Structures are given as structure tokens and as C-alpha cells.
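A.B. asks: Input: one structure, supplied below.
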Amino acid sequence: MDFTAGTSESLIADGEPFGVQKYLVCSAATEPEQVEHINSFIMNECAKHSEFIGFGTLHPDYVGGFEEEICRCINGGLKGIKLHPDFQKFYIDSDKALKMYEPLQGRLPVLFHMGDARYDYSAPERLARVMDMFPGLTAIAAHLGGYTTWERAQSCLAGKKNVWYDCSSSLAMLTPDQAAEYIRNLGTDKVFFGTDFPMWNHEGELIRFERLPLSENERKAVLSENFKRFFGLE
Numbered sequence: 004m005d006f007t008a009g010t011s012e013s014l015i016a017d018g019e020p021f022g023v024q025k026y027l028v029c030s031a032a033t034e035p036e037q038v039e040h041i042n043s044f045i046m047n048e049c050a051k052h053s054e055f056i057g058f059g060t061l062h063p064d065y066v067g068g069f070e071e072e073i074c075r076c077i078n079g080g081l082k083g084i085k086l087h088p089d090f091q092k093f094y095i096d097s098d099k100a101l102k103m104y105e106p107l108q109g110r111l112p113v114l115f116h117m118g119d120a121r122y123d124y125s126a127p128e129r130l131a132r133v134m135d136m137f138p139g140l141t142a143i144a145a146h147l148g149g150y151t152t153w154e155r156a157q158s159c160l161a162g163k164k165n166v167w168y169d170c171s172s173s174l175a176m177l178t179p180d181q182a183a184e185y186i187r188n189l190g191t192d193k194v195f196f197g198t199d200f201p202m203w204n205h206e207g208e209l210i211r212f213e214r215l216p217l218s219e220n221e222r223k224a225v226l227s228e229n230f231k232r233f234f235g236l237e
């Protein structure tokens with residue numbers, strides 16, 4: 004695994020040789036007092052780089068008011084919210100987390116870090132329960148629905164109407180046949196390509212993706228068409 008500097012400039016430099024035109028950029032507040040600073044930082048970076056689609060963040064213990072900060076994110080041009088339950092130490096379906104989802108319904112999608120069998124914060128079953136409780140919420144379940152919990156994600160998330168996926172931090176741990184099977188089960192029209200930069204670089208992830216036994220139309224959908232459709236890009 005090649006780690007690289009997590010700057011805006013290094014992200015663009017890493018993706019540019021491979022024709023990357025848009026990047027979803029985000030961060031998660033590990034402490035509630037970080038929320039506003041992180042959101043302001045991402046707004047500023049997106050203003051400087053037209054290639055960026057920015058996601059803000061929230062924290063279940065944030066005291067500034069979810070509604071107010073969500074409005075600030077929308078007015079600042081952010082297109083979603085990133086939550087990392089494992090880093091932020093909250094269960095996706097806990098009572099305090101549920102309070103974040105109500106004002107997000109129909110307004111901003113939520114990108115959830117998902118899975119990791121070492122923890123239970125972001126278990127796929129928890130997201131499945133949340134989506135049943137909040138039918139107007141749109142979720143992006145990262146890591147094909149659950150890092151190292153892929154089979155469980157298949158059984159409880161596949162077919163959920165408002166759940167989309169990305170394939171970041173997954174392809175290196177799966178065989179090409181496994182990855183292709185999971186992508187098809189989740190829906191080749193609902194999976195985004197992603198690198199989880201700076202942990203993974205574009206070249207390595209593209210090489211892994213090209214090894215998957217997918218059709219040309221399926222590849223095009225995952226690499227660009229699904230993302231463009233989701234965000235209303237030309």
C-alpha cells in the first residue's frame with residue numbers, strides 16, 4: 004500500500020494522468036467541536052478546485068444544531084455528509100445518531116464508512132435498520148457495503164431502494180470474481196469507483212478494477228456514469 008500526502012494538489016496530481024475529472028472529497032469529525040471547522044475547510048477547497056464535489060460532516064454529539072449546520076453546508080455548496088462511525092465511536096442506529104438523519108432526508112446524501120469485523124459501530128445490519136426507519140434518506144455505503152463484512156452487506160443491503168455503494172478499500176482484499184459478483188448483486192447501476200485517497204492511489208485501484216470480469220457497459224457505469232447520474236453532472 005502506497006501512502007501519499009492527503010493534500011488537494013496531490014489528489015489532483017495523482018488522478019490527472021488517468022483522466023479523472025471529478026473527485027468526491029470528505030472528512031469525518033472525530034470530535035464534535037471539529038464539525039464546523041472541517042465543513043468550512045472543505046467548502047474553501049471546493050471553491051478553489053472545480054474538480055471537487057465536497058461532503059461535509061456531522062457528529063452525534065455536535066451541539067451547534069444539526070438543522071443550522073446542514074443549512075450552512077447546503078448554502079456553502081456541499082453535496083453530502085460523511086460519517087465514519089468507527090472513528091467517531093457511535094452506532095449507526097443509536098438514538099443519538101438517528102437525530103442526524105431526520106433533517107437530512109431528501110436534502111443531502113450520507114456517505115457512511117461501512118463494515119470492519121473488528122467493530123460493530125458500522126455493521127451493515129445497522130444501516131439496513133436506519134434505511135427502514137428513514138425512507139427519505141439516501142445513503143452511500145462505502146467499501147461495497149461493509150469492509151470485511153461483504154457477505155453480510157449482500158444479505159441485508161442489496162435491493163435497498165436508497166442505498167448506493169462505492170468500491171473503495173475493497174478491491175485489494177477480494178478476488179476479481181468476488182468483487183464482480185458483489186458489484187452485480189448490489190447493482191452495477193448503483194456502485195461508484197473510488198480510491199479512498201491517500202490510502203490508495205488511482206493507478207493501483209484502476210489496475211485492480213480493470214481485472215474484474217465486468218462488461219464494458221458495466222465498467223463505464225461504475226467508473227463514471229453512476230456518479231454523473233447521482234450528482235446530476237453533464
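This note's numbering numbers the first residue of the sequence shown as 4 and each following residue consecutively.
Where a beta carbon is used, it is the ideal one built from N, C-alpha and C, also for glycine.
Source: prediction; values computed, not measured.
1) Phe-115 and Leu-130 look like a contact to me (Cβ under 8 Å); what is the Cβ gap, rounded to whole Å?
2) In the DSSP assignment, find the unbroken alpha helix (DSSP H) run with Trp-319 in it and report its ends.
3) Can you tell which of Met-136, Arg-155, Ala-142, Leu-107 has its C-alpha closest to the C-alpha of Ala-120?
4) Taking contact to mean 3 or more Cβ pairs, one atom from each stretch, closer than 8 Å, check whether the stretch 80-90 and the stretch 56-65 are in contact.
5) Have a look at the DSSP bridge pairing and note the partners of Ile-242.
6) Under the DSSP definition of a beta bridge, which residues are partnered with Gly-118?
7) For the beta strand (DSSP E) that contains Ala-272, what are its first and last residues?
8) Comparing C-alpha positions only, which one of Ser-171, Asp-180, Val-194, Gly-80 sits nearest to Leu-160?
9) Rounded to a whole number of angstroms, what is the C-alpha to C-alpha distance between Phe-55 and Leu-174?
10) Sort Glu-72, Cys-49, Gly-139, Val-166 by Cα distance to Gly-149 and report the nearest one.
11) Ignore the nearest five residues each way along the sequence and tell me which others in Gly-22's own chain have a CB closer than 7 Å to its CB.
12) For the alpha helix (DSSP H) that Val-38 lies in, which residues bound it at each end?
13) Let me confirm a value: Ser-125 is counted as buried when at least 16 other C-beta atoms fall within 10 Å, else exposed. Which label applies?
14) Nearest to Ser-158 by alpha carbon, out of Thr-178, Glu-184, Met-136?
15) In chain order, which beta strand (DSSP E) runs of at least 3 residues are fully inside the stretch 160-215?
16) Going by other Cβ atoms of all chains shown within 10 Å of its Cβ, with 16 needed for buried, is Gln-91 buried or exposed?
17) Near Gly-109, what residues of its chain come up, given a Cβ to Cβ distance below 7 Å and the 5 sequence neighbours on each side ignored?
18) The alpha helix (DSSP H) with Val-133 in it runs from where to where?
19) Measuring only the C-alpha atoms, how far is Gly-79 from Glu-208?
20) Can you check DSSP and say which residues form a bridge with Val-28?
21) Using the beta-carbon count (16 or more within 10 Å), is Met-4 buried or exposed?
C.D. replies: So, to answer that:
1) Here residue 115 is taken as the residue at index 112 of the sequence shown, counted from 1. Here residue 130 is taken as the residue at index 127 of the sequence shown, counted from 1. So it is a contact: roughly 6 Å between Cβ atoms.
2) In this structure the chain extends from 4 to 237, so residue 319 is not present and cannot be described.
3) Reading the sequence shown from its first residue, position 117 is the one you call residue 120. Of Met-136, Arg-155, Ala-142, Leu-107, the residue nearest in Cα terms is Arg-155.
4) As far as the Cβ criterion goes, the stretch 80-90 touches the stretch 56-65, which means the pair count is three or higher.
5) It is not possible to answer for residue 242, since the shown part of the chain is limited to 4 through 237.
6) In the sequence shown, residue 118 corresponds to position 115, counting from 1. Per DSSP, Tyr-150.
7) Because the chain in this structure spans residues 4 to 237, residue 272 falls outside the shown range and cannot be described.
8) Here residue 160 refers to the residue found at position 157 when the sequence shown is read from its first residue. Per the Cα distances, Val-194.
9) The sequence position of residue 55 within the sequence shown is 52, counting from 1. The sequence position of residue 174 within the sequence shown is 171, counting from 1. Those two C-alpha atoms are separated by around 24 Å.
10) For the purposes of this step, residue 149 is taken as the residue at position 146 of the sequence shown. Of the candidates Glu-72, Cys-49, Gly-139, Val-166, the one whose C-alpha sits nearest the C-alpha of Gly-149 is Val-166.
11) Your numbering for residue 22 matches position 19 in the sequence shown. Within the same chain, Gly-22 has no close Cβ partners at all.
12) As a position in the sequence shown, residue 38 is number 35, starting the count at 1. Here the alpha helix (DSSP H) through Val-38 covers 38-51.
13) Start at 1 with the first residue of the sequence shown, and residue 125 comes out as number 122. Flag for Ser-125 reads buried.
14) Start at 1 with the first residue of the sequence shown, and residue 158 comes out as number 155. Out of Thr-178, Glu-184, Met-136, Glu-184 has the C-alpha closest to the C-alpha of Ser-158.
15) 166-169
16) Here residue 91 is taken as the residue at index 88 of the sequence shown, counted from 1. Gln-91 should be labelled buried.
17) Mapped onto the sequence shown, residue 109 falls at position 106. Closer than 7 Å at the Cβ level, and outside the excluded window around Gly-109, lie Gly-139.
18) The residue given as residue 133 occupies position 130 in the sequence shown. In the DSSP assignment, Val-133 falls within the alpha helix (DSSP H) that extends over 127-136.
19) Against the sequence shown, residue 79 aligns to sequence position 76. Against the sequence shown, residue 208 aligns to sequence position 205. Cα to Cα, Gly-79 sits roughly 31 Å from Glu-208.
20) The residue you call residue 28 lines up with position 25 of the sequence shown. Val-28 is bridged to Gly-57.
21) Reading the sequence shown from its first residue, position 1 is the one you call residue 4. Caution applies to Met-4, whose pLDDT of 49 falls short of 50 and renders its modelled position unreliable; the model cannot decide the point.
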